[in-house]
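Line order of the protein sequences matches chains D and X.
FYI, in our numbering the residues of the first sequence are 4 to 405.
FYI, in our numbering the residues of the second sequence are 3 to 217.
Here a beta-carbon is modelled for each residue, glycine too, at the ideal position from N, C-alpha and C.
This structure is a prediction, so every number in the text was calculated from the model and none was measured.
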Amino acid sequence: MGLKQNLHTLKMKYQGTKMAPAFNAIHTFLYLPNETTHNGTHIKAADDLKRTMNMVIMSLAPCLLFGIFNAGYQYNVQTGDVTKALSFFSTEFWNFSNFSIGAWKVLPLVIVSYGVGLLVEFIFAVIKGHEVEEGYLVTGMLVPLIVPVDIPLWMLSIAVIFGVVIGKEVFGGTGMNILNPALTIRAFLFFAYPTWMSGDKVWVTGAVDTVGQPDAISGETILGSLAQNNGYGDWSMMDQFLGFIPGSVGETSKLLIIVGALILILSKIGSWRIILSTLVGALSMGLIFNGVVNAGWVTESSKFFGLMSVDFWQHLFIGSILFGAVYMATDPVTASQTNKGKWIYGFLIGFISIMIRVFNPAYPEGVFLAILLMNVFAPTIDHYVLEGNIKKRANRLKLKTA
Amino acid sequence: MGLLSKKDTRLILDPLADDNPITIQVLGICSALAITAQLKPSIVMAVSVIFVLGLGNVVISLMRNIIPSKIRIIVQLIVVATLVIIVDQVLKAFAYELSKELSVFIGLIITNCIIMGRFEAFALGNGPWKAFLDGVGNALGYGVILIIVGFFRELLGSGTLFGFKVLGDSVEKTGLYAIGYENNGFMVLPPMALIVVGIIIWVQRSRNSALIEEN
């Protein structure tokens, strides 16, 4: 009798007891349950919710790994321990020193995010007496990737509890939530502890502790620098594309996000319509701002000049618009469900993201706010798309019968 | 028989819990969101509403047989406006700082749905003593929620209670702040008041399943 059979026997023995859902969660995570349908099966597919979630996590893994190295690299570059990496496979980037500093900072974020989040999920599963929901598997991975590396762990725990309970459980759990839980967590942190979530001191580890010292570490992002009309700083186009820049843990490397996007699109988990339309929306807003600058309506004295004059295509490489488009906007629960709705939904996310980015220099990243806003509107968009379709077909019927 | 009959006690106690104007009837939410960032204005607001609703209910109840029903809303408004102006003037005279803090919201007691609701639903059909108890009860129910929300918002948002630094000094880094605690800026913002009220409703309904509506 193998381990699987033993687990199954245990499950049968304790069926219906209070802690059963918690046990079942671990059981089904490891093995396929023994229950099978009693009548004939109609659809045979291995990609249940758990497998889908695991696929997303796999597509996030490169970003996390890169984020760990990058957290150490940003610190080491500023202290002068390593010189700037020139190519993607440079040993200046992929070395043990970078990894150890980064891992020391990033892994606790991952552990806290999963530990607290799953604990809340288990508690709710036991109270409600149903199976533990898989939704947090992805959320728990996304959360460490979208926060600054130095965020205190207790703040993260409170935010995770808030995000899971208020963002998801009160609506009835995974699949019923209106707002993306990972972004709810980020929004909570952003409004509750703004000094840890924005500004020029939090994006590189150690920057907060060294404020005011002669060897102070600058923790500013490219967006922050642009918002103050200071240009791109020391970062080249290639740095931005490969991801050797300060920012939230996992969102810097555009190359790896594109790889993740391909995994999601090819496995048909992420909607290419949403990703594409988000980027189109961002580009159009960028073009409008470029047009405004070219027409001379906004001059260099304006506080919006720095971000407005960024070439429209470059908006995709700074900040987290790409990460948001690929991993956040495509969340199947909170996005629009209809194909036409997805185009509208994505386009507005991109459009509003860049608008917030330019018009709010104090908090120069608006992607998460834009996605949360459109999460709220997604059902409305779907409603009107459906209504439009019904009307169209009704008209067609009328023409036919007339 | 004591001062309060069994029925009278229910008039006072019901609105405190199972018939609470904020959490069950969902009235008077606007002011609950606006002035509960700190405990002191919450309490002053609660006391003001107790005064206005208690007296207002008595006045309306005394006049209930002579008010022509076509113009009763206007009469009710005049009564409540008079009382609110009294409260406003008293605050301006004796607690100017507080009055500035509460600003327009004292004036807005006039539009507080709870007050018009009690006038219409109770005072117009009952005697002055009952109306008084009902008014005080409902205002107390409103005040209790205000004070709970204000307590949590001030404690977690500013680290103070009534302005006293109960968690230590956030600038000097004493008390809890010495070990890295920080105030939750979200608590001071109105959306968090809505969430706190929501949590109170959640707790209340899960303790008393009779409150849950059937779909």
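Bridge partner(s) assigned by DSSP for residue i
i: D:L110; result: Per DSSP, none; premise fails for D:L110.
i: X:L166; result: Looking at the sequence provided, one finds Phe at residue 166 of chain X rather than Leu. Note: X:F166 sits in a beta bridge opposite X:L163.
Spatial distance of residue i from residue j (CA atoms)
i: D:N363; j: D:V370; result: 12 Å
i: D:T337; j: D:M144; result: 17 Å
i: D:Y330; j: D:L192; result: 19 Å
i: X:T176; j: X:G182; result: 10 Å
i: D:F380; j: D:D334; result: 14 Å
i: D:L265; j: D:N392; result: 31 Å
i: D:I359; j: D:T142; result: 24 Å
i: D:N79; j: D:F96; result: 10 Å
i: X:Q90; j: X:I111; result: Before going further, note that residue 90 of chain X is Asp rather than Gln in the sequence given. Approximately 10 Å between the Cα atoms of the pair.
i: X:N128; j: X:N22; result: 20 Å
i: X:M3; j: X:W131; result: Residue placement at X:M3 is flagged as unreliable, the pLDDT there being 44, under the threshold of 50; a coordinate-derived value is accordingly withheld.
i: D:Q2; j: X:S7; result: With chain D covering only 4 through 405, there is no way to say anything about residue 2 of chain D.
i: X:Q40; j: D:G166; result: 24 Å
i: D:L425; j: D:F292; result: With chain D represented from 4 up to 405, any question about residue 425 of chain D goes unanswered, as that position is not in the structure.
i: D:S342; j: D:S280; result: The sequence shown places Asn at residue 342 of chain D, rather than the Ser named in the question. Each residue's alpha carbon lies about 11 Å from the other.
i: X:L93; j: X:E174; result: 34 Å
i: D:L110; j: D:T383; result: 39 Å
i: D:G327; j: X:V81; result: 55 Å
i: D:V295; j: X:Q206; result: 54 Å
i: X:S102; j: X:A36; result: Strictly speaking, residue 102 of chain X in this sequence is Lys, with Ser absent from that position. Cα to Cα, X:K102 sits roughly 14 Å from X:A36.
i: D:L13; j: D:I181; result: 37 Å
i: X:I150; j: X:L163; result: 12 Å
i: X:I214; j: D:K171; result: 20 Å
i: D:I261; j: D:F91; result: 15 Å
i: D:L52; j: D:Y139; result: 11 Å
i: X:G161; j: D:T44; result: 59 Å
i: X:G159; j: D:G322; result: 30 Å
i: X:R155; j: X:A195; result: 7 Å
i: X:T38; j: D:P184; result: 27 Å
i: X:V106; j: X:L157; result: 24 Å
i: D:G263; j: D:M241; result: 19 Å
i: X:K42; j: D:S116; result: 37 Å
i: D:N9; j: D:I29; result: 13 Å
i: D:P65; j: D:G105; result: 14 Å
Assumed close pair residue i, residue j - CB separation to whole angstroms, cut-off 8 Å
i: D:F320; j: D:F244; result: 6 Å
i: D:L258; j: D:G246; result: 7 Å
i: X:V86; j: X:I108; result: 7 Å
i: X:V51; j: X:A123; result: With 8 Å as the limit, X:V51 and X:A123 do not qualify as a contact, their Cβ atoms being about 16 Å apart.
i: D:I188; j: D:V129; result: With a Cβ gap of about 22 Å, D:I188 and D:V129 do not count as contacting.
i: D:V207; j: D:P249; result: 5 Å
i: D:F194; j: D:S287; result: Incorrect: roughly 29 Å between the Cβ atoms, too far for contact.
i: X:V199; j: X:T25; result: 7 Å
i: D:I374; j: D:G284; result: Not confirmed; about 12 Å, so no contact.
i: D:S62; j: D:L267; result: 5 Å
Chain-ordered chain C contacts of residue i [CB-CB under 7 Å]
i: X:E99; result: Reference to chain C is not applicable here, since the protein chains of this structure are D and X.
Residue i CB to nearest heavy atom of the ligand FMN below 7 Å
i: D:A106; result: Looking at this structure, you won't find the ligand FMN or any other ligand, since it has none at all.
Does the count of Cβ pairs from the region 345-355 of chain D and the region 159-166 of chain D closer than 8 Å reach three?
Taking 8 Å as the limit for Cβ pairs, the verdict is that the region 159-166 of chain D does not touch the region 345-355 of chain D.
Between the region 220-236 of chain D and the region 172-179 of chain D, do at least 3 Cβ pairs fall closer than 8 Å?
no
What are the complete alpha helix (DSSP H) segments, minimum 4 residues, inside the region 222-283 of chain D?
Taking only runs of at least 4 residues, the alpha helix (DSSP H) segments lying wholly in the region 222-283 of chain D are 225-230, 240-245, 257-269.
Decide yes or no for the touch test of the region 100-115 of chain D against the region 59-74 of chain D: beta carbon pairs closer than 8 Å, at least 3 of them.
Short answer: they touch.
Would you call the region 51-61 of chain X and the region 134-141 of chain X in contact, with 3 or more CB pairs under 8 Å?
yes
Quick one: which unbroken beta strand (DSSP E) runs of 3-plus residues sit fully inside the region 325-354 of chain D? Chain order, please.
Listed in chain order, nothing qualifies, since the region 325-354 of chain D has no complete beta strand (DSSP E) run of 3 or more residues.
Can you find at least 3 beta carbon pairs, one from the region 7-21 of chain X and one from the region 393-400 of chain D, that sit closer than 8 Å?
Three or more Cβ pairs closer than 8 Å define a contact, and the region 7-21 of chain X falls short of that threshold against the region 393-400 of chain D.
Cβ pair count under 8 Å reaching 3, the region 137-156 of chain X against the region 36-50 of chain X:
yes
With three or more beta-carbon pairs closer than 8 Å as the criterion, would you say the region 59-77 of chain X touches the region 160-177 of chain X?
no
At a cut of 8 Å, does the region 181-200 of chain X reach the region 62-82 of chain X through at least three beta carbon pairs?
no
Assess, as a yes-or-no matter, whether the region 294-311 of chain D is touched by the region 226-233 of chain D under the definition of 3 or more beta carbon pairs within less than 8 Å.
yes
If contact is defined by three or more beta carbon pairs under 8 Å, each pair taking one atom from either stretch, is the region 19-33 of chain D in contact with the region 149-157 of chain D?
no
How about the region 53-64 of chain D and the region 80-90 of chain D: do they share at least three Cβ pairs that are nearer than 8 Å?
no
Complete runs of the alpha helix (DSSP H) confined to the region 91-159 of chain D [at least 4 residues]:
Qualifying alpha helix (DSSP H) stretches, in chain order: 99-131, 139-148.
Mind pulling the beta strand (DSSP E) runs of 3 or more residues that sit fully within the region 49-104 of chain X?
none
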